[in-house]
Amino acid sequence: MEKGQALLTREGNKFGLFISLLLLLLGCILFFFSFDRQIVSILKTTLMDEMGVGNKEYSLLITAFMLPYIVMYFFSGALVDKFGSRCVLTFLTLLMSTATLITGLSHSLAGMLIGRFILGIAESGVVPALTLAIFTWFKAEQRAFAFQLTNIIQSLGLIVAPPFIAWVTLAGGWRWAFFIPALAGILVGLLWFLASRRQPTSAEPLSEREDDRVSTLQRYKLVLASAPVWTLIIARLLTDPFWFFYQYWQIGFMQEKLGLSLARVGELMWFPPLAAVFGVLLVCRISDRLVARGVGPTRARLNLIWTVTCLAPLICLLPTVQNIWLAVGIMTVINFMCTAWLSMVTIMMGGLVPRAAIATAIGIMSALGGISATLFNGFVGTIIDAFGYAVPIYIGAILHPTGAIVLAVYFLRRKNNQGE
Numbered sequence: 217m218e219k220g221q222a223l224l225t226r227e228g229n230k231f232g233l234f235i236s237l238l239l240l241l242l243g244c245i246l247f248f249f250s251f252d253r254q255i256v257s258i259l260k261t262t263l264m265d266e267m268g269v270g271n272k273e274y275s276l277l278i279t280a281f282m283l284p285y286i287v288m289y290f291f292s293g294a295l296v297d298k299f300g301s302r303c304v305l306t307f308l309t310l311l312m313s314t315a316t317l318i319t320g321l322s323h324s325l326a327g328m329l330i331g332r333f334i335l336g337i338a339e340s341g342v343v344p345a346l347t348l349a350i351f352t353w354f355k356a357e358q359r360a361f362a363f364q365l366t367n368i369i370q371s372l373g374l375i376v377a378p379p380f381i382a383w384v385t386l387a388g389g390w391r392w393a394f395f396i397p398a399l400a401g402i403l404v405g406l407l408w409f410l411a412s413r414r415q416p417t418s419a420e421p422l423s424e425r426e427d428d429r430v431s432t433l434q435r436y437k438l439v440l441a442s443a444p445v446w447t448l449i450i451a452r453l454l455t456d457p458f459w460f461f462y463q464y465w466q467i468g469f470m471q472e473k474l475g476l477s478l479a480r481v482g483e484l485m486w487f488p489p490l491a492a493v494f495g496v497l498l499v500c501r502i503s504d505r506l507v508a509r510g511v512g513p514t515r516a517r518l519n520l521i522w523t524v525t526c527l528a529p530l531i532c533l534l535p536t537v538q539n540i541w542l543a544v545g546i547m548t549v550i551n552f553m554c555t556a557w558l559s560m561v562t563i564m565m566g567g568l569v570p571r572a573a574i575a576t577a578i579g580i581m582s583a584l585g586g587i588s589a590t591l592f593n594g595f596v597g598t599i600i601d602a603f604g605y606a607v608p609i610y611i612g613a614i615l616h617p618t619g620a621i622v623l624a625v626y627f628l629r630r631k632n633n634q635g636e
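Here the working numbering is used: the first residue of the sequence shown is 217, the next is one more, and so on.
Spelled out as structure tokens, the structure:
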């Protein structure tokens with residue numbers, strides 16, 4: 217038995233239950249990270265009827281979330297490094313729940329805007345804090361498994377949200393769709409604070425990593441001076457607007473264009489994210505196999521990006537679709553293509569920058585991509601009111617192919633690419 221397989225050794229078993237509990241709680245935090253932001257989009261039509269929220273007001277709700285989410289992304293990593301994952305994750309989880317509770321208690325658009333604004337602040341620090349938590353609480357040989365498991369649990373938030381929110385709303389009213397996850401999130405936050413009060417002796421202390429020798433300023437210089445990094449950032453600037461549009465407007469499209477009831481939404485809309493989870497796992501597996509066979513890591517990721525981008529023309533069919541099942545099928549393709557794109561670009565970024573600057577690079581890329589997404593979605597409500605859903609969908613259909621062209625122009629012409 218290899219020494220590295222700590223979970224299978226007697227010493228590893230000593231912390232087996234403790235490690236499993238931490239993984240479960242971290243996964244639950246990510247679950248609510250995904251779940252809480254979905255509630256308003258799933259209840260879009262219900263809120264229009266109950267509170268007079270139109271497309272313009274709905275765009276404001278999206279912007280109220282995205283603006284602080286993006287701005288805080290530039291600073292959240294430093295705050296996590298200063299105060300540690302235990303306190304920060306506890307605070308952010310409680311803040312997410314508070315924001316969700318405020319939204320559910322609101323009787324006006326202003327109250328909902330406040331709730332979404334607070335949610336944006338809270339969610340901006342969750343991923344950096346989770347990353348630090350895994351490096352703090354898990355051995356090097358346990359981290360890949362930990363990341364994979366927490367990401368799967370996070371995806372469950374997207375899968376469970378449509379049927380659960382629809383069922384709760386129809387059974388007890390739309391406010392309970394906010395109250396129940398808010399109360400559950402408070403419980404998870406408190407359990408995390410209690411469970412993470414001590415560090416296992418088998419874990420590698422974060423302060424012993426070589427990354428700590430690199431200053432924050434040096435990290436930013438490593439990222440901002442890199443042409444490959446800027447190419448990936450430009451690709452995200454182009455593609456993030458459609459991904460965010462899809463996430464926030466898909467339910468409204470299904471209800472307003474195809475006449476789905478909230479109950480029908482709950483029955484059908486869990487499938488696209490579920491299929492995407494398995495599809496992206498397959499894409500990642502193929503990518504790794506290409507690398508194992510001698511294909512350069514960057515080229516392997518690019519091959520998969522270009523392949524999934526070939527699905528983009530199917531998006532153009534969506535505005536004219538009348539069949540519900542065909543619409544769900546196209547949305548499954550969209551979900552798969554966008555999440556595969558994000559996964560491959562993120563993995564590429566990790567291979568193009570020094571290890572000490574990976575988190576900084578991903579944070580900057582995500583923040584700038586979020587800015588373009590916010591600008592685009594800030595006008596979507598007005599566009600839909602004036603021209604319908606077709607215009608933003610057609611615009612969105614060309615964004616990922618454009619991003620793929622940007623990647624091709626740079627990386628295919630780049631000489632002596634590392635690892636190629």
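From the three backbone atoms N, C-alpha and C, an ideal C-beta is built for every residue, glycine too.
{"Item": "Other residues of its chain near W459: CB distance less than 6 Å, five sequence neighbours each side excluded", "Value": "C554"}
{"Item": "Nearest-angstrom Cβ-Cβ length linking V596 and S442, presumed shorter than 8 Å", "Value": "About 32 Å separates the two Cβ atoms, so there is no contact after all."}
{"Item": "Helix, strand or coil at H323 according to DSSP, with G and I counted as helix", "Value": "coil"}
{"Item": "Residue interval of the alpha helix (DSSP H) (run including N539)", "Value": "Here N539 belongs to no alpha helix (DSSP H), and DSSP marks it neither H nor E."}
{"Item": "P608, enclosing alpha helix (DSSP H) - first and last residue", "Value": "606-627"}
{"Item": "Outcome for S431 when other beta-carbon atoms lying within 10 angstroms are tallied against a minimum of 16", "Value": "exposed"}
{"Item": "Collapsed DSSP secondary structure at M485 in the structure displayed", "Value": "coil"}
{"Item": "Beta-carbon separation (whole angstroms), N551 vs P489, contact threshold 8 Å", "Value": "6 Å"}
{"Item": "Supposed contact pair G401 and S313 - C-beta distance, whole angstroms, cut 8 Å", "Value": "4 Å"}
{"Item": "Best match in L476, T352, I381, D504 for proximity to F395 [C-alpha to C-alpha]", "Value": "I381"}
{"Item": "DSSP-derived helix/strand/coil call for V376", "Value": "helix"}
{"Item": "Spatial neighbours of P617 in its chain, beta-carbon cut-off 7 Å, leaving aside the 5 residues before and after", "Value": "T525, A528"}
{"Item": "Test item: CB-CB of V342 and L308 under 8 Å", "Value": "yes"}
{"Item": "Close Cβ partners of N539 (< 7 Å) along its chain, the five nearest in sequence each way excluded", "Value": "none"}
{"Item": "Counted within 10 angstroms of its Cβ, other Cβ atoms place S322 as buried (16 or more) or exposed", "Value": "buried"}
{"Item": "Whether V287 touches V296 by CB criterion (8 Å)", "Value": "no"}
{"Item": "Closest Cα partner of D265 within the set L474, G468, Q463, L283", "Value": "G468"}
{"Item": "Test item: CB-CB of Q370 and F249 under 8 Å", "Value": "yes"}
{"Item": "Three-state secondary structure assigned by DSSP to V507", "Value": "helix"}
{"Item": "Beta-carbon proximity of R452 to L584, cut-off 8 Å", "Value": "yes"}
{"Item": "8 Å Cβ cutoff met for G405 and L310", "Value": "yes"}
{"Item": "Among V561, G594, R630, I599, the one whose alpha carbon lies nearest that of G619", "Value": "V561"}
{"Item": "C-beta atoms of A543 and M470 nearer than 8 Å", "Value": "yes"}
{"Item": "Whole-Å CB distance - M581 paired with L448, under 8 Å assumed", "Value": "6 Å"}
{"Item": "Neighbourhood of I334 by C-beta, 6 Å cutoff - its chain only, sequence neighbours within 5 removed", "Value": "A315"}
{"Item": "S588 burial status per 10 Å Cβ neighbour count (16 or more: buried)", "Value": "buried"}
{"Item": "Cβ-Cβ separation, R253 to F290 (assumed contact under 8 Å), whole Å", "Value": "Not a contact, Cβ separation roughly 20 Å."}
{"Item": "Extent of the continuous alpha helix (DSSP H) to which W459 belongs", "Value": "443-474"}
{"Item": "Alpha-carbon spacing of L498 relative to R391, whole angstroms", "Value": "38 Å"}
{"Item": "Local Cβ density within 10 Å of V625, reported as buried at 16 or more and exposed below that", "Value": "exposed"}
{"Item": "Pick from M485, L520, A508 that is closest to V496, judged by C-alpha positions", "Value": "L520"}
{"Item": "Own chain, CB closer than 8 Å to I502, minus 5 neighbours either side, in chain order", "Value": "L520"}
{"Item": "Sequence-distant residues of the same chain with beta carbon closer than 8 Å to I546, five excluded per side", "Value": "L530, I531, L533, L534, V537"}
{"Item": "Option nearest G604 by Cα separation, candidates L263, I235, N271, L242", "Value": "N271"}
{"Item": "Residue of G612, L518, R413 minimising C-alpha distance to Q466", "Value": "G612"}
{"Item": "Closest by C-alpha distance to E483, when choosing among Y462, G389, T455, W383", "Value": "W383"}
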